[in-house]
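A.B. asks: Okay, here's the structure, questions in a sec.
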Amino acid sequence: MTVLKYLQAYPAALQDQVRQLISEGRLGDYLDQRYPHKHAVQSDKALYTYALDLKQEYLRNAPAIDKVLFDNRLDLTHRALGLHTTISRVQGGKLKSKKEIRVASLFKEAPSEFLKMIVVHELAHFKESDHNKAFYKLCEHMLPGYHQVEFDLRVYLTWRDMQ
């Protein structure tokens with residue numbers, strides 16, 4: 178039986194459906210059919226604008242974002258698809274904090290919905306630090322169908338590992 182490392186938290190029935198698609202060689206077709214469009218966000222500047230637009234639409238009162246970039250160092254071995262950080266520094270007599278979002282570079286080539294899911298996830302952390310009910314409610318508000326896209330992203334990572 179194929180171990181699906183990105184899908185281990187999901188019910189066995191869902192994992193079996195993915196295994197069946199793999200055995201039939203149809204996993205890539207499934208993903209292409211559901212997510213046919215790649216995004217045009219290819220630079221850090223474009224990613225910053227993309228994240229800022231989402232923040233302005235859904236999280237106007239959240240802290241400002243200082244930096245958003247694609248990061249080559251984020252990889253799946255650390256289970257990090259995206260990363261949000263707050264860096265605090267003392268400047269003069271004041272404490273300044275900077276908010277950053279880093280997105281794994283593999284998402285430059287991913288379908289647009291997957292990039293949006295990662296950015297929405299990291300933006301939601303600016304309001305809710307934990308993965309709790311309020312966090313996922315906020316994600317669902319910013320991206321209707323968030324849970325399905327997250328599942329399909331995990332299927333995509335499974336398919337990508339097989340290539």
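Heads up, the numbering used here is the position in the sequence shown plus 177, with the first residue counted as 1. Where is the CB? At the ideal position from N, CA and C, for every residue including glycine. Given the structure is predicted, the values throughout are model-derived calculations rather than measurements.
1. Considering only their Cβ atoms, is the gap separating F291 from V326 smaller than 8 Å?
2. Helix, strand or coil for V180, going by three-state DSSP, please let me know.
3. Provide the residue span of the beta strand (DSSP E) that contains Q310, from first to last.
4. Grab me the residues of T179's own chain with a C-beta within less than 6 Å of its C-beta, minus the 5 sequence neighbours each way, in chain order.
5. Output needed for L208: all residues of its chain with C-beta closer than 8 Å, excluding positions within five of it in sequence on either side, in chain order.
6. Go ahead and label H298 buried or exposed: buried means 16 or more other beta carbons lie within 10 angstroms of its beta carbon, across all protein chains shown.
7. Are the beta-carbon atoms of L300 and A228 separated by less than 8 Å?
8. Tell me the DSSP bridge mates of S245?
9. When you compare only the Cα positions, how much space is there between H255 and C316?
10. What is the DSSP secondary structure of K222, reduced to helix, strand or coil?
11. From the DSSP output, in three-state form, read off K232 for me.
12. When you compare the segment 305-316 with the segment 280-287, are there three or more beta-carbon pairs, one atom per stretch, that lie closer than 8 Å?
13. Starting from the Cα of H214, find the closest Cα among F247, K293 and R203 and give me that residue.
14. Alpha carbon to alpha carbon, what distance is there between L191 and Q185?
15. Please tell me whether I242 has its Cβ less than 8 Å away from any Cβ of chain D.
16. Take V245 and list the residues in its own chain whose beta-carbon comes closer than 6 Å to its own, dropping the five residues that flank it on each side.
17. Got a sec, what are the start and stop residues for the alpha helix (DSSP H) L172 sits in?
C.D. replies: Based on what the coordinates show:
1. yes
2. coil
3. Per the sequence shown, the amino acid found at residue 310 is Lys instead of Gln. That residue, K310, is in no beta strand (DSSP E); its alpha helix (DSSP H) goes K310 to M319.
4. R196
5. P288, D329, V332, Y333 and W336
6. buried
7. yes
8. Correcting the residue type first, residue 245 is Val in the shown sequence and not Ser. According to DSSP, which records beta bridges pairwise, V245 is partnered with I278.
9. Since pLDDT at H255 reaches only 47, below the 50 mark, its modelled position is unreliable, and the value read off the structure follows with that caveat. Distance between the alpha carbons of H255 and C316 is about 22 Å.
10. helix
11. helix
12. no
13. K293
14. 10 Å
15. Here chain D cannot be found, since the structure has a single protein chain.
16. L224, Y225, A228 and I278
17. For the chain, the structure presents residues 178 to 340; residue 172 sits outside this window and is missing.
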